[in-house]
Amino acid sequence: MRFITYTSGNEEGVAIRSAGGYRGRSVAEIGGDLQSFLHDDAALADLAKSLSDAPEFSLTDVQLLPPVPRPGKILCIGLNYVEHSKESGFEAPTYPAVFARFANSLIAHGDPLIRPAASELLDYECELAVVMGRGGRHISEDQALDHVAGYSLFNDGSVRDFQIKSQQWTMGKSFDGTGAFGPELVTRDELPEGCAGLGIRTVLNGEVMQEANTKDLIFGVAKLVTLLSEAMTLSPGDVIVTGTPGGVGALRDPQVWMKPGDECTIEIDRIGSLTNSVMQETTH
């Protein structure tokens, strides 16, 4: 199943992919947003059934939102591919580097990434996003994937000079309009276990800048769910952004920064593509 969240007029809605586009209904009609159905596989299946005869439309008829527009937590993992750790000057970690993003930073497929007025050093990062279903604490690794509702794509747009202003990365990762997420939530039954073995890449203005495979994650999805839940309760709709492979713009020679007018696409095999242009922030 492939779900989107959208707005039409003043109403938020949820839709499922159909043969001719998407079939959707308003949140008011279905009794909750997509996040409210993620806690249970049966609830998600019931939602899909209720949408199967809904009015059909194309993406051009609506305004897309991130598949989960208001996640309670966005937990990002740094240095989770060996090549990216190496190009960053670090040994492969034995415990994941975890930092937070916030919902203010999220944009949907088709929305512009915002290069902030405070910096010209806006970088791209292709990443696999894990969307939690059934929540919990102290989730064992052998049960962890059963707690995942599905997967999506994420561009972890990073304002690099702000990222390194302090020992914490959060500032450089939470500027408004820098975290592209979507377009679809693809349920786990449609994808390989743990989303392993899928090609992942960044294409900037038609040029492949990053290309790797999710089998190369140092900490796979199940391990991340287990380690994170050791510290905190994971809730339906929480998002785990699993890290980026090598090839980021900051570590190229010469460096490559996203600038207004650019187009950046994140692709993951069998999940889809996430495309955003780049726009300059205006402060007045």
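Note that the working numbering has the sequence shown beginning at 6, numbered continuously upward.
Quick reminder that beta carbons are idealized off the backbone N, C-alpha and C, glycines included.
All values reported here derive from a predicted model rather than from experimental measurement.
Option in G18, I271 and H143 with minimal Cα separation from G250: The residue you asked about is not Gly; residue 250 is Pro in the sequence shown. That would be I271, whose Cα lies nearest to the Cα of P250.
Can you tell me whether D258 is buried or exposed? The criterion is at least 16 other CB atoms within 10 Å of its CB, across all chains shown. By the Cβ-count criterion, D258 is exposed, with fewer than 16 other Cβ atoms from all chains shown falling within 10 Å of its own Cβ.
Consult DSSP for E132 and reduce its assignment to one of helix, strand or coil. strand
Name the residue from N109, G225 and R75 whose alpha carbon lies nearest to the alpha carbon of P100. Rather than Pro, the amino acid found at residue 100 in this sequence is Tyr. The option with the nearest alpha carbon to Y100 is G225.
Cα-Cα separation between V135 and V244, rounded to whole angstroms: 6 Å
With A154 and T192 assumed to form a contact (beta carbons below 8 Å), what rounded beta-carbon distance in angstroms separates them? Between T192 and A154 the Cβ distance is about 7 Å, and since that is below 8 Å, they are a contact.
In angstroms, rounded to a whole number, what distance separates the CA positions of F180 and K264? Rounded to whole angstroms, F180 to K264 spans 15 Å at the Cα level.
Best match in T247, T231, S23 and G242 for proximity to N218 [C-alpha to C-alpha]: T247
Element boundaries [alpha helix (DSSP H), containing I223]: Here I223 belongs to no alpha helix (DSSP H), and DSSP marks it neither H nor E.
If distances are taken between C-alpha atoms only, which option among M137, I21, K170 and G199 comes closest to I223? G199
Looking at the strands, I want to know which residues DSSP matches up with C200. In the DSSP output, where bridge partners are listed per residue, C200 has none listed.
Under the three-state reduction of DSSP, which class applies to T65: helix, strand or coil? helix
Going by DSSP, what residues sit across from F186 in a beta bridge? F159
Under 8 Å Cβ to Cβ from G177, same chain only, skipping five residues before and after it: list those, please. S163, V164, R165, D166, F167, Q168, I169 and K170
Keeping to the same chain, check which residues put their C-beta closer than 8 Å to that of I144; ignore five residues upstream and five downstream. H152, V230, T231, S234 and L239
For A113, which residues from the same chain have a beta carbon less than 6 Å from its beta carbon, with the 5 sequence-adjacent residues on both sides left out? L69, L70, P71 and G187
Looking only at its own chain, which residues have a Cβ that is under 7 Å from the Cβ of G277, when we skip the five neighbours before and after it? L158, P188 and E189
Buried or exposed for P60, please, with buried defined as at least 16 other CB atoms from any protein chain shown within 10 angstroms of its CB. exposed
Between V32 and the rest of its own chain, which residues show a CB-CB distance below 8 Å, the 5 nearest in sequence each way excluded? E16, E17, G18, V19 and D38.
Are the beta-carbon atoms of G29 and L56 separated by less than 8 Å? yes
For D51, does the count of other Cβ atoms within 10 angstroms reach 16, so buried, or fall short, so exposed? exposed
Sorted by chain position, which residues of the same chain lie with C-beta nearer than 7 Å to I9's C-beta, five sequence neighbours on each side aside? A20, Y27, L69, P72, P188 and E189
Please state the DSSP three-state secondary structure of Q285. In this structure, Q285 counts as strand in the three-state DSSP scheme.
Going by C-alpha distance, which of Y86, M137 and D161 is nearest G77? M137
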